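J.:
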Amino acid sequence: MAGRNALFIPGPTNIPDHIRSAVDLSMEDMRAPDFPEFTLPLFQDLKKIFKTETGQVFLFPGSGTGGWEAAITNTLSPGDKVLISRFGQFSHLWVDMLERFKLDVDCIDVEWGEGVPVEEFAKRLEADTNKEIKAVFACHNETATGVTSDIAGIRKALDAADHPAMLYVDGVSSIASIDFCMDEWGVDLAVSGSQKGFMLPTGLAIVAVSQKALEARHTAQHTRCFFDFEDMIKTNAQGYFPYTPATTLLRGLRASVDTLLGEGLDNVFARHNRMAEGVRRAVTEGWGLDLCAKEPKWYSDTVSAICVPEGFDSAEVVRHAYYEYNISLGVGLSKVAGKVFRIGHLGSLNETMLLGVLGGVEMTLRDLGIPVEAGSGVAQAVDYYRTTRGQALAAA
Ligand code: PLP
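With full-length UniProt numbering applied, the sequence shown covers 1 to 396.
#1: Which runs of the beta strand (DSSP E) fall wholly inside the stretch 87 to 153 and span at least 3 residues, in chain order?
#2: For asparagine 14 and serine 348, which I take to be in contact (beta-carbon distance under 8 Å), what is that distance rounded to the nearest angstrom?
#3: Please confirm whether any heavy atom of ligand 1 lies closer than 6 Å to the CB of valine 95.
#4: Identify whether valine 336 lies in helix, strand or coil by the three-state DSSP scheme.
#5: Could you check the C-alpha separation between proline 12 and glutamate 119 for me, to the nearest Å?
#6: Taking DSSP as the reference, what is the three-state secondary structure of phenylalanine 227?
#7: Closest to serine 174 by C-alpha separation, out of Thr302, Leu59, Val110, would be which residue?
#8: To the nearest angstrom, how far is the alpha carbon of alanine 396 from that of asparagine 350?
#9: Could you give the distance in angstroms between the alpha-carbon of lysine 134 and the alpha-carbon of threonine 387?
#10: Run the CB neighbour count on lysine 196, radius 10 Å, all protein chains shown included, and call it buried at 16 or more, exposed below.
#11: So the candidates are Phe269, Arg280, Ala321, Thr352; which of them puts its Cα closest to the Cα of leucine 346?
#12: Within this structure, are the beta carbons of histidine 140 and glycine 186 separated by less than 7 Å?
#13: At which residues does the alpha helix (DSSP H) containing valine 41 begin and terminate?
#14: Inspect the beta-carbon positions of isoleucine 19 and serine 194 and report whether they are closer than 7 Å.
#15: Take valine 317 and list the residues in its own chain whose beta-carbon comes closer than 8 Å to its own, dropping the five residues that flank it on each side.
#16: Per the DSSP calculation, tyrosine 168 is bridged to which residue(s)?
#17: Could you check where the beta strand (DSSP E) with alanine 216 kicks off and where it finishes?
#18: Thinking just about the alpha-carbon of each residue, which of Arg389, Asp34, Gly79, Phe8 is nearest to the one in tyrosine 240?
#19: Pull up the distance between the alpha-carbon of arginine 4 and that of alanine 321, whole angstroms please.
#20: Where does phenylalanine 269 sit, in a helix, a strand or coil, going by DSSP?
#21: Tell me the rounded alpha-carbon separation between valine 191 and glutamate 69.
#22: Under the criterion of a Cβ to heavy atom distance below 6 Å, does aspartate 150 qualify as lining ligand 1?
#23: Does ligand 1 have even one heavy atom less than 6 Å from the beta-carbon of glycine 193?
#24: Counting beta carbon pairs with one atom in the stretch 235 to 252 and one in the stretch 86 to 100, are three or more of them shorter than 8 Å?
#25: Per DSSP, what are the beta-bridge partners of tyrosine 299 in this structure?
#26: Grab the span of the alpha helix (DSSP H) containing serine 328 for me, first residue to last.
#27: Closer than 8 Å by C-beta to aspartate 109: which residues in its own chain qualify, once you throw out the five before and the five after it? Chain order, please.
#28: What separation, rounded to the nearest whole angstrom, lies between the Cα atoms of serine 149 and glutamate 132?
#29: With DSSP run on the structure shown, which of helix, strand or coil describes leucine 83?
#30: Please work out which residues of its chain come closer than 6 Å, Cβ to Cβ, to valine 116, disregarding the five sequence neighbours upstream and downstream, and give them in chain order.
#31: Could you check if glutamine 380 is buried or exposed, using at least 16 other CB atoms within 10 Å of its CB as the buried criterion?
#32: Alpha carbon to alpha carbon, how far is serine 304 from alanine 144?
#33: Can you name the start and end residues of the alpha helix (DSSP H) that alanine 6 belongs to?
#34: Taking DSSP as the reference, what is the three-state secondary structure of valine 207?
#35: Determine the burial state of lysine 102: buried for a count of at least 16 other Cβ atoms within 10 Å of its Cβ, exposed for fewer.
#36: Cα separation between glutamate 37 and threonine 219?
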């Protein structure tokens, strides 16, 4: 099909040309004497993205899932009691991994479209007077439903209960796109991947670890090898890795971090919020459709999951958009398969890219007989983007 595929899945995201060029390199010697001159500043600057001064960031070959595994195996032991809630496919997969690692999982099931039930967490933490809960897990941004949760609120609940449990956050589809404050929120393990807000190819698990969590590796009984923090700590200190690092991705990561810090994190977050709000207005006010996220407090600035009306199949929307208009949208996963389709609005995006996909979705919906008026969503987004443009420029 002529033209470019419009990639609007919630990761992997569009890679800006200069980052793609940064990755397009010859192989290099990862044991070169001057390699640390490249890696050591990179390790430091990554901490700015997580907003941590006291934590340490590890770069594992892998994806976000590998980052989860690294976080769990380095800091916990089989049988440890952990608290988590499930409200989408990714929080579900984290529960599944915890169970496979034989942790004692207290999982609170929440309706899909809502997020972490902070008050319920607070009650459980308060009731845990023997401090048996070793860890609290939270998915910051549930990519399957487009729901963002209140991590600062979980920290408040832990502090109010004077509870020592460590806080683990899945930031795979939030970090580098939605504000994330590791130190301020007292996050002990924050997991991300290269292919979303970092605008890189898939291939790196990016894991930030607090000093408390680093300490926990001395007592954690889980078997680990490839993901062992200890090996990373020893070799990273000299600017090297315990095994062959993905050097091209690391070079790309340098470009990504420079791009994010160059734009300014606050501007990056404001841009994502503005891009997302235009999409939300198109969906709700233009097309009259519902978001899967039940209330504005859950709205995600990186992905919108959109409900199709009863009697229609969202998988058909995704398929039709792909074959007819060369647009990649996110499918509905698991419980919401057939019910929602998703527009990813994270990474390197601007207004006209979003207007293109909104137009394509409108054509798709109309082709399939879903009653939306031509131009209705696009008009909402046009006006929103046009009238808020000055604000973004002032902030930039
Ligand atoms: N967590 C969230 C919130 C995600 O969106 C994803 C992937 O989309 C993952 C975890 C799994 O990450 P990966 O696919 O990089 O292993």
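The C-beta atom is built at its ideal place from N, Cα and C for all residues, glycine as well.
Treat the numbers as computed from the prediction; the structure is a model and nothing was measured.
T.: Looking at the coordinates:
#1: 104 to 109, 133 to 139
#2: On the sequence shown, position 14 is the one that residue 14 refers to. On the sequence shown, position 348 is the one that residue 348 refers to. That belief holds up - the Cβ atoms of asparagine 14 and serine 348 are roughly 5 Å apart, short of 8 Å.
#3: For the purposes of this step, residue 95 is taken as the residue at position 95 of the sequence shown. No, ligand 1 has no heavy atom inside 6 Å of this Cβ.
#4: Reading the sequence shown from its first residue, position 336 is the one you call residue 336. In the structure shown, valine 336 sits in a helix (DSSP, three-state: H, G or I).
#5: In the sequence shown, counting from the first residue as 1, residue 12 sits at position 12. In the sequence shown, counting from the first residue as 1, residue 119 sits at position 119. Rounded to the nearest angstrom, the two C-alpha atoms are 33 Å apart.
#6: For the purposes of this step, residue 227 is identified with residue 227 of the sequence shown, where counting begins at 1. If DSSP states are grouped into helix, strand and coil, phenylalanine 227 belongs with coil.
#7: To locate residue 174, count along the sequence shown from 1; it is residue 174. Comparing Cα positions, the closest option is Thr302.
#8: For the purposes of this step, residue 396 is taken as residue 396 along the sequence shown, with counting starting at 1. For the purposes of this step, residue 350 is taken as residue 350 along the sequence shown, with counting starting at 1. With a pLDDT of only 48 at alanine 396, under 50, the local geometry of the prediction cannot be trusted, and the value read off the model is given with reservation. C-alpha of alanine 396 to C-alpha of asparagine 350: approximately 14 Å in a straight line.
#9: In the sequence shown, residue 134 corresponds to position 134, counting from 1. In the sequence shown, residue 387 corresponds to position 387, counting from 1. If you take the alpha carbons of lysine 134 and threonine 387, they lie about 48 Å apart.
#10: If you number the sequence shown from 1, residue 196 lands on position 196. Lysine 196 is buried by the Cβ-count criterion.
#11: Locating residue 346 in the sequence shown gives position 346, where the first residue counts as 1. Checking every option, the nearest Cα to that of leucine 346 belongs to Phe269.
#12: The residue given as residue 140 occupies position 140 in the sequence shown. The residue given as residue 186 occupies position 186 in the sequence shown. Not in contact: histidine 140 and glycine 186 (Cβ atoms no closer than 7 Å).
#13: Within the sequence shown, residue 41 is the residue found at index 41, counting from 1. Inspection of the sequence shows that residue 41 is occupied by proline rather than by valine. For proline 41, the enclosing alpha helix (DSSP H) covers residues 35 to 50.
#14: The residue you call residue 19 lines up with position 19 of the sequence shown. The residue you call residue 194 lines up with position 194 of the sequence shown. Not a contact, by the Cβ cut-off of 7 Å.
#15: Here residue 317 refers to the residue found at position 317 of the sequence shown. Excluding sequence neighbours, valine 317 sits near Val308, Leu329, Phe341, Val361, Thr364, Leu365, Leu368, Ile370.
#16: Within the sequence shown, numbered from 1, the residue matching residue 168 stands at position 168. Per DSSP, Phe137, Leu189.
#17: If you number the sequence shown from 1, residue 216 lands on position 216. It is not in any beta strand (DSSP E) - alanine 216 instead sits in the alpha helix (DSSP H) that spans 211 to 216.
#18: Numbered from its first residue, the sequence shown carries residue 240 at position 240. Selected option, being the one with the closest Cα: Asp34.
#19: For the purposes of this step, residue 4 is taken as residue 4 along the sequence shown, with counting starting at 1. For the purposes of this step, residue 321 is taken as residue 321 along the sequence shown, with counting starting at 1. Taken atom to atom, the span from the alpha-carbon of arginine 4 to that of alanine 321 is near 13 Å.
#20: On the sequence shown, position 269 is the one that residue 269 refers to. Three-state DSSP puts phenylalanine 269 in a helix.
#21: Here residue 191 refers to the residue found at position 191 of the sequence shown. Here residue 69 refers to the residue found at position 69 of the sequence shown. Computed Cα separation, rounded: 10 Å.
#22: Taking the sequence shown and counting its residues from 1, the one referred to as residue 150 is at position 150. Outside the cutoff, so no.
#23: Along the sequence shown, one-based indexing puts residue 193 at 193. Yes, the beta carbon of glycine 193 sits closer than 6 Å to at least one heavy atom of ligand 1.
#24: The stretch 86 to 100, when compared against the stretch 235 to 252, does not touch it at the 8 Å Cβ threshold.
#25: Walking along the sequence shown from the start, residue 299 turns up at place 299. Beta-bridge pairing links tyrosine 299 to Val147.
#26: Reading the sequence shown from its first residue, position 328 is the one you call residue 328. That residue, serine 328, is in no alpha helix (DSSP H); its beta strand (DSSP E) goes 327 to 329.
#27: As a first step, residue 109 is located in the sequence shown; it is residue number 109 there, counting from the start. If we look at aspartate 109 and ignore the five residues flanking it on each side, its Cβ neighbours are Ser85, Arg86, Phe87.
#28: In the sequence shown, the residue the question calls residue 149 occupies position 149. In the sequence shown, the residue the question calls residue 132 occupies position 132. Cα to Cα, serine 149 sits roughly 24 Å from glutamate 132.
#29: Within the sequence shown, numbered from 1, the residue matching residue 83 stands at position 83. Strand at leucine 83.
#30: As a working note, residue 116 is residue 116 in the sequence shown. Taken in chain order, the residues that qualify are Ser85, Ala138, Ser149.
#31: Locating residue 380 in the sequence shown gives position 380, counting from the first residue. Looking at its Cβ environment, which holds 16 or more other Cβ atoms inside 10 Å, glutamine 380 is buried.
#32: Numbered from 1 along the sequence shown, position 304 holds the residue referred to as residue 304. Numbered from 1 along the sequence shown, position 144 holds the residue referred to as residue 144. The straight-line gap from Cα to Cα measures roughly 9 Å.
#33: The residue you call residue 6 lines up with position 6 of the sequence shown. Here alanine 6 belongs to no alpha helix (DSSP H); instead the beta strand (DSSP E) covers 6 to 8.
#34: As a working mapping, residue 207 is identified with position 207 in the sequence shown. Residue state, collapsed to three classes: strand.
#35: Sequence index remark: in the sequence shown, residue 102 carries index 102 (1-based). It counts as exposed.
#36: For the purposes of this step, residue 37 is taken as residue 37 along the sequence shown, with counting starting at 1. For the purposes of this step, residue 219 is taken as residue 219 along the sequence shown, with counting starting at 1. When rounded, the distance between both Cα atoms is 33 Å.
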